[in-house]
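Notes for the one structure printed next.
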Amino acid sequence: MRNRILEQAIRLFGSNGFEGTSIQVIADAVGIKKPSLLYHFNSKAKLRDEVYKHLFDHWKSELPKLLAAASKDPFGSFIKALVEYFQEDPNRSRIAVREMLDRPEFVRKVISEELSPWVKLVSDYIRMGKQSGAVKSDVDPESYIILVIMMVIGTVAVGDVLSAVVVQENSDTGTPLIEELERIGRSALLKHI
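Quick look at the structure:
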């Protein structure tokens with residue numbers, strides 16, 4: 005039940021914003037009564053906090069596995085997994101954008117606590133790539149990671165709107181914006197692609 009509530013909260017907070025979504029609307033979307041929702045999450049603020057935890061918990065479990073399994077191209081695998089995660093539910097990216105704009109201090113704190121260890125982990129992989137000669141020497145690892153995350157979140161959050169100007173004739177997957185995002189990510193990082 006908790007996961008169903010969290011998924012609907014992500015969808016509705018992503019679509020309508022935190023302030024534009026009531027506990028009742030979330031309960032209705034889940035198909036439960038408001039008191040049942042409040043049994044699991046005693047306030048809307050607590051639900052929002054749990055939404056963040058839910059989103060970050062995914063990466064806490066997936067990122068180490070992803071980096072360990074992707075020895076040939078960990079950076080490409082990271083970008084691909086990031087894109088797939090946000091494309092699977094674009095409201096994940098929309099809620100991130102909304103919260104960054106509406107509550108920057110809160111998001112800064114959450115990111116500092118939750119994202120910093122994972123940025124450090126991926127940064128260490130980039131530094132190893134620099135030492136081996138696979139990664140360009142002028143890449144700043146932390147900045148690169150944050151910019152890739154921002155590109156992915158922005159592309160998924162509003163890409164369907166902006167894709168109207170993109171001609172799709174040369175796209176293998178029908179998603180030229182995503183293909184270009186992945187190409188930019190690789191070419192900015194790797195010496196030989």
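Add 4 to the 1-based position in the sequence shown for the numbering used here, that's all there is to it. Where is the CB? At the ideal position from N, CA and C, for every residue including glycine.
Return the residue from the list the options that minimises the CA-CA distance to residue i.
| i | options | result |
| --- | --- | --- |
| Leu181 | Ile27, Ala72, Ser26 and Val162 | Val162 |
| Leu51 | Glu23, Val170, Lys64 and Asp128 | Glu23 |
| Ser147 | Val87, Lys38, Val126 and Met104 | Val126 |
| Leu71 | Met154, Ser136, Val123 and Ile9 | Val123 |
| Glu66 | Ala85, Leu193, Met5 and Ile188 | Ala85 |
| Arg190 | Val165, Leu151 and Ala168 | Leu151 |
| Arg15 | Arg98, Pro108, Val156 and Met154 | Arg98 |
| Gly80 | Pro39, Ile153, Ser167 and Gly158 | Ile153 |
| Glu118 | Lys69, Pro145 and Asp61 | Asp61 |
| Trp63 | Asp32, Pro121, Arg6 and Val34 | Pro121 |
| Glu184 | Glu54, Val156 and Gly18 | Val156 |
| Thr25 | Gly35, Lys37 and Gln12 | Gln12 |
| Lys140 | Met104, Ser116, His196 and Asp128 | His196 |
| Val34 | Gln135, Asp53 and Asn7 | Asn7 |
Return helix, strand or coil for residue i, following the three-state DSSP convention.
| i | result |
| --- | --- |
| Val139 | strand |
| Thr177 | For Thr177, the predicted structure reports a pLDDT of 49, less than 50, and the residue's modelled location is therefore unreliable. A value from the coordinates is still provided. It is coil, neither helix nor strand. |
| Ser40 | helix |
| Lys195 | coil |
| Asn46 | coil |
| Val132 | The displayed chain sequence assigns Met, not Val, to residue 132. Here Met132 sits in helix by DSSP. |
| Arg190 | helix |
For residue i, would you say it is in contact with chain B, using Cβ-to-Cβ distances shorter than 9 Å as the test?
| i | result |
| --- | --- |
| Met104 | Checking the listed chains, one finds no chain B in this structure; it contains a single protein chain. |
Is the beta carbon of residue i less than 9 Å from the beta carbon of residue j?
| i | j | result |
| --- | --- | --- |
| Arg102 | Val160 | no |
| Asp106 | Gly21 | yes |
| Leu59 | Ala100 | yes |
| Gly137 | Leu193 | no |
| Val55 | Phe17 | yes |
| Pro108 | Asp128 | no |
Quick one: measure Cβ to Cβ for residue i and residue j, integer angstroms, because I've assumed they're closer than 8 Å.
| i | j | result |
| --- | --- | --- |
| Val143 | Ile130 | 6 Å |
| Val111 | Glu186 | About 25 Å separates the two Cβ atoms, so there is no contact after all. |
| Ile1 | His44 | Here the chain has residues from 5 to 197 only, and residue 1 is not among them. |
| Leu41 | Ala31 | 4 Å |
| Ile27 | Lys37 | Not a contact, Cβ separation roughly 11 Å. |
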